[in-house]
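>
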Amino acid sequence: MNPLLSSTRAQLPDPALSRRQLSDSASQLPAAVDSQSNPSKHAYTPAPSHMDPDELIDVRLPRAVQAVYLRPLRRQAEYGIPSCDLQMRSYSVRNLEFFADFALRAAYYLGLPASGPVPLPRIVERWTVPRAHFIHKKSQENFERKTLRRLIQIKDGNPETVQVWLAFLMEHAYYGIGMKANVWNYEKLGVGKTMDASMEELKKDLDSKWSLIGLSRKDAVAEKVLEMIDKKTFMRGREGPKTRIDPLPLNPPTYN
Amino acid sequence: MSVPRSRLLDLMKVQCRIFSHTFNPKGLRLGNHVLRQRLKGPALAAYYPRKMATLKDLRKAYPEYEMIDEDEEDRLESLRIIKARGKGAPKKKRTAEESKKAKRR
Amino acid sequence: MSMFRAKKLDLGCFVNIRVIRDHTKRKVFAEHEPERQALRYIIRNLSLPASTRAKAQLQLTQMHCYTRPSQIRNRCIEGGKSRGVLRDFKMTRYNFRMRALAGLVPGVKKASW
Numbered sequence: 001m002n003p004l005l006s007s008t009r010a011q012l013p014d015p016a017l018s019r020r021q022l023s024d025s026a027s028q029l030p031a032a033v034d035s036q037s038n039p040s041k042h043a044y045t046p047a048p049s050h051m052d053p054d055e056l057i058d059v060r061l062p063r064a065v066q067a068v069y070l071r072p073l074r075r076q077a078e079y080g081i082p083s084c085d086l087q088m089r090s091y092s093v094r095n096l097e098f099f100a101d102f103a104l105r106a107a108y109y110l111g112l113p114a115s116g117p118v119p120l121p122r123i124v125e126r127w128t129v130p131r132a133h134f135i136h137k138k139s140q141e142n143f144e145r146k147t148l149r150r151l152i153q154i155k156d157g158n159p160e161t162v163q164v165w166l167a168f169l170m171e172h173a174y175y176g177i178g179m180k181a182n183v184w185n186y187e188k189l190g191v192g193k194t195m196d197a198s199m200e201e202l203k204k205d206l207d208s209k210w211s212l213i214g215l216s217r218k219d220a221v222a223e224k225v226l227e228m229i230d231k232k233t234f235m236r237g238r239e240g241p242k243t244r245i246d247p248l249p250l251n252p253p254t255y256n
Numbered sequence: 001m002s003v004p005r006s007r008l009l010d011l012m013k014v015q016c017r018i019f020s021h022t023f024n025p026k027g028l029r030l031g032n033h034v035l036r037q038r039l040k041g042p043a044l045a046a047y048y049p050r051k052m053a054t055l056k057d058l059r060k061a062y063p064e065y066e067m068i069d070e071d072e073e074d075r076l077e078s079l080r081i082i083k084a085r086g087k088g089a090p091k092k093k094r095t096a097e098e099s100k101k102a103k104r105r
Numbered sequence: 001m002s003m004f005r006a007k008k009l010d011l012g013c014f015v016n017i018r019v020i021r022d023h024t025k026r027k028v029f030a031e032h033e034p035e036r037q038a039l040r041y042i043i044r045n046l047s048l049p050a051s052t053r054a055k056a057q058l059q060l061t062q063m064h065c066y067t068r069p070s071q072i073r074n075r076c077i078e079g080g081k082s083r084g085v086l087r088d089f090k091m092t093r094y095n096f097r098m099r100a101l102a103g104l105v106p107g108v109k110k111a112s113w
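Going down the list, the sequences are from chains A, B and C. Per the UniProt record's numbering, the very first residue in the first sequence carries number 1; after that it's consecutive. Per the UniProt record's numbering, the very first residue in the second sequence carries number 1; after that it's consecutive. Per the UniProt record's numbering, the very first residue in the third sequence carries number 1; after that it's consecutive.
#1: Counting beta carbon pairs with one atom in the region 163-171 of chain A and one in the region 190-198 of chain A, are three or more of them shorter than 8 Å?
#2: Taking DSSP as the reference, what is the three-state secondary structure of C:Phe29?
#3: Look at the Cβ atom of B:Leu44, then the Cβ atom of C:Arg26, and state whether they are nearer than 8 Å.
#4: Put A:Phe143 into one of helix, strand or coil per three-state DSSP.
#5: Just verifying my parser: in three-state terms, what is the DSSP assignment at A:Trp165?
#6: List, in order along the chain, the chain F residues whose C-beta lies closer than 7 Å to that of A:Pro130?
#7: For C:Thr67, I'd like the list of residues in its chain whose CB is within less than 7 Å of its CB, leaving aside the five on either flank, ordered along the chain.
#8: Taking Cβ to Cβ, would you say A:Phe98 is nearer than 8 Å to C:Lys110?
#9: Assign C:Ser51 to buried or exposed, taking buried as 16 or more other Cβ atoms, counted over all protein chains shown, within 10 Å of its Cβ.
#10: In terms of DSSP beta bridges, what is A:Arg89 paired with?
#11: Where DSSP assigns a beta bridge to A:Ile123, which residues make up the other side?
#12: Under a CB-based cut-off of 8 Å, is C:Gly12 close to chain B?
#13: Span of the alpha helix (DSSP H) holding B:Lys83?
#14: Let me see if you follow: with CB-CB separation under 8 Å, is B:Gln15 close to chain C or not?
#15: Would you please verify whether the beta carbon of C:Pro34 is less than 8 Å from any beta carbon of chain B?
#16: Run through the DSSP bridge pairs and tell me what A:Cys84 is partnered with.
#17: When you compare the CB of C:Ser74 with every CB in chain B, is at least one pair closer than 8 Å?
#18: Measuring only between beta-carbons, confirm whether C:Arg44 sits less than 8 Å from chain A.
#19: In whole angstroms, what separates the C-alpha of C:Cys76 from that of A:His172?
#20: Would B:Ala61 count as contacting chain C if we go by Cβ distances under 8 Å?
#21: Between the Cα of A:Leu120 and the Cα atoms of A:Glu227, A:Val129, A:Arg126, A:Val93, which residue gives the shortest distance?
#22: Compare the C-beta of A:Met228 with all C-beta atoms of chain C and state if any pair is closer than 8 Å.
#23: Could you check whether A:Leu104 and A:Val162 sit closer than 8 Å to each other, using their CB atoms as the reference points?
#24: Whose Cβ in chain C lies nearer than 7 Å to the Cβ of A:Arg145?
#25: Excluding the 5 residues flanking A:Asn38 on each side, which residues of the same chain have their C-beta closer than 7 Å to its C-beta?
#26: In the structure shown, what three-state DSSP assignment does C:Val108 receive?
#27: Using DSSP with H/G/I as helix, E/B as strand and the rest coil, what is A:Leu73?
#28: Give every residue of the same chain whose Cβ lies closer than 7 Å to the Cβ of C:Met98, excluding the five residues on either side of it in the sequence, and list them in chain order.
#29: Please confirm whether C:Leu86 has its beta-carbon closer than 8 Å to some beta-carbon of chain A.
#30: Considering only residues of the same chain and omitting the five flanking positions on each side of C:Glu78, which have a CB-CB separation below 8 Å?
#31: Given a cut-off of 8 Å on the beta-carbon distance, is the pair A:Ala100 and A:Ile154 in contact?
#32: Between A:Asn95 and chain C, is any beta-carbon pair separated by less than 8 Å?
#33: Is the beta carbon of C:Gly80 sitting closer than 8 Å to the one on C:Asn16?
#34: Just to check my reading of the structure: C:Leu46 and B:Arg29 have Cβ atoms closer than 8 Å, yes? What is that Cβ distance to the nearest angstrom?
#35: Taking CB distances under 8 Å as the criterion, tell me whether C:Arg68 reaches chain A.
#36: Starting from B:Leu39, find everything on chain C with Cβ-Cβ shorter than 9 Å and list it in chain order.
This is the structure in structure tokens:
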């Protein structure tokens, strides 16, 4: 069994662990924050219960809040096996950049190593139409639509955590942004046997899915073919060339 | 070293069974491409936007609220003005049968 | 044909008789597509006896013309016109231009390059 392909590896660290990692990485953001957001020097001192308002202004923001002003934090991928590709599309750069940033932060706090956002080539579509509603083809106007794309890849993600992440993004979907995700799951070796075992349970659910797929076992067209060939008018032709071809009227003739 | 044709055919047969292809060694026209085509009816039928709920429906659903349809009000007002000037449309015969009867008499 | 038409108008776009007719044809085609495909399969399958195939041919040609996909034509959802309709927006070129200039079509701007 290939250890790399096993999905049983726990991706989401237990709460205590994640807190430690958080504080670790938060202590790495350090000097820059201090010099920008509060120029007055301090290391962390527990605030006494009675403080005068002047001093309150100088209190350092929590690390998590400081991080909002900086580039999104990232986790290191241990194995680098892709588990989810999220593509976001929009016509406006601002929305897209903002939401990509949001998605990266969400991935960080869920403990998912994310890479990106990769700016994929933008799609430019152009249309040329005459200005007038009738003739005058010599005077035309050009329109265009630029679709911008960003790709965020999650590596080494626990499938459940990835689902949580995607659901979170769906819940906080931003206006003017379309998303699509490719999710990969990895199985242990010997998939066939486990699939065979689960096949019986899945059978009920599968039939409803099969009916949605064009190339299904319960193909609407194929069923119709069988139904038609079994009909009397077609049965008559079964014997082959020896039967006389008579132009049988399909609708029974009406006698008045 | 040559492999007999029958053996190859057997192999083909098994291959077709496993991957659920049609076993057709002679290349006969069996029309299977028609079965493979996707049905495009649903996509075509979804071309025009379907009717959404109108103000009328809203009124029917919530008779306790008062809703104003401005376009409708405008239309009715202009009709009132036209009628006041005596430029309105003539009255309609109530039914086709009645108008016929009236002619016969 | 009025027997196929919906009893109550089910369109939310610009409506005239040609639009209603085209919409009806689309629905009728969607309904009868499996049957048409079945007949086409029988016609194209050379392993079936000739008379079966001939009958299938006859039956296919005798189906109502509304069940034919070639009767369907994309029309403008803003004005019902059938010519010069941009497939991407389902609108005629002029309607598209007016709406694009008014900023009503998402993402579309005047281009210059």
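Note that the Cβ used here is the ideal one computed from N, Cα and C, for glycine as well.
On the basis of the coordinates in this document:
#1: no
#2: helix
#3: yes
#4: strand
#5: helix
#6: Annotation note: the requested chain F is absent from the structure, which comprises protein chains A, B and C.
#7: Val28, Phe29, His32, Arg36
#8: no
#9: buried
#10: A:Arg149, A:Gly178
#11: A:Thr147
#12: yes
#13: 70-84
#14: no
#15: yes
#16: A:Ile154, A:Val183
#17: For the record, residue 74 of chain C in the displayed sequence is Asn; it is not Ser. For C:Asn74, the answer is yes, since a Cβ of chain B falls inside 8 Å of its Cβ.
#18: no
#19: 35 Å
#20: no
#21: A:Val93
#22: yes
#23: no
#24: Gly107, Val108
#25: With a pLDDT of 46 at A:Asn38, under the threshold of 50, the modelled position of this residue cannot be trusted; read the value that follows with caution. For A:Asn38, where only same-chain residues beyond five positions count, the Cβ hits under 7 Å are Asp58, Arg60.
#26: strand
#27: coil
#28: none
#29: yes
#30: Cys13, Phe14, Met91, Thr92, Asn95, Arg99
#31: no
#32: no
#33: yes
#34: 5 Å
#35: no
#36: Ala30, Glu33, Pro34, Gln37
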